[in-house]
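Here's the structure we're looking at; comments come further down.
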Amino acid sequence: MSHDADIARIAARFGLALPVPVGRPFPAHVPLSVQPDDPKFPHFANPVMRYAVDYDAAPGTPVCAIRAGTVIYVKADSDRYGYEQTFADDANLVCLDHGGGLYSEYIHLAKGRVFGGLGARFGAGEIIGETGLSGCMSDAHLHLNVFVIADGAPYSVPFTLQG
Ligand SMILES: [Zn+2]
Numbered sequence: 166m167s168h169d170a171d172i173a174r175i176a177a178r179f180g181l182a183l184p185v186p187v188g189r190p191f192p193a194h195v196p197l198s199v200q201p202d203d204p205k206f207p208h209f210a211n212p213v214m215r216y217a218v219d220y221d222a223a224p225g226t227p228v229c230a231i232r233a234g235t236v237i238y239v240k241a242d243s244d245r246y247g248y249e250q251t252f253a254d255d256a257n258l259v260c261l262d263h264g265g266g267l268y269s270e271y272i273h274l275a276k277g278r279v280f281g282g283l284g285a286r287f288g289a290g291e292i293i294g295e296t297g298l299s300g301c302m303s304d305a306h307l308h309l310n311v312f313v314i315a316d317g318a319p320y321s322v323p324f325t326l327q328g
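All residue numbers for the sequence shown refer to our numbering, where the first residue is 166 and numbers rise by one.
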């Protein structure tokens with residue numbers, strides 16, 4: 166993809182916090198670009214979620230903003246999930262605009278457990294919701310994706326979490 170160099174440069178400018186409260190273990194084995202236990206819907210096959218991370222988190226795990234940002238999309242009314250693409254639109258999620266062209270999204274949140282509506286501001290590390298069962302998934306996890314908009318389309322970017 167010709168955008169790769171630009172996208173990596175944009176992503177490298179930002180220091181990003183952990184998506185869960187500090188002190189929670191972040192399993193070192195969590196892959197950064199693929200889901201080896203998920204051969205059906207691998208991240209890398211889709212530029213939109215190419216570098217997304219699946220965080221092994223039980224339902225009810227608090228989810229934190231990885232950087233200060235404003236909610237530009239939120240869905241929290243679903244309790245439907247299953248391991249088929251047809252459930253993709255049933256995922257509860259929050260999308261944050263961090264400014265500077267950087268965005269993050271937190272997918273598979275619990276029904277009614279999102280703590281800010283459209284336009285809400287969250288600081289880095291603030292809890293934006295809790296994980297749950299919603300959308301296209303086999304087991305509970307947080308799907309964290311960081312992306313930029315290039316030519317009108319979202320492109321997942323590699324990122325490093327600190328904490
Ligand atoms: Zn995922």
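Backbone N, C-alpha and C define an ideal beta-carbon position, used for all residues, glycine too. This structure is a prediction, so every number in the text was calculated from the model and none was measured.
About 7 Å separates the Cβ atoms of Ala182 and Leu326, confirming a contact at the 8 Å cut-off.
Shortest gap from the CB of Asp219 to any heavy atom of ligand 1: under 7 Å.
In this structure, His208 has its CB closer than 7 Å to one or more heavy atoms of ligand 1. Ranking Gly266, Gly282, Ser243 by CA distance to the CA of Gly317 puts Gly266 first. Within the model, the alpha-carbon separation for Cys260 versus Asp242 is close to 15 Å. DSSP places Asp254 within a helical segment (H, G or I) once states are collapsed to three. DSSP places Leu274 in the uninterrupted beta strand (DSSP E) bounded by 268-279. Here Ala210 carries a helix assignment [DSSP, helix/strand/coil]. Non-local beta-carbon contacts of Glu295 in its own chain, meaning distances under 7 Å to residues more than five positions away in sequence, involve Gly225, Thr226, Pro227, Val228, Leu274, Ala275, Arg278 in chain order. If you draw a 10 Å sphere on the C-beta of Ile272, you find 16 or more other C-beta atoms in it, and that means buried. By the beta-carbon neighbour count (other beta carbons within 10 angstroms, threshold 16), Ile314 is exposed. Annotation for Val313: the continuous beta strand (DSSP E) segment containing it runs 307-315.
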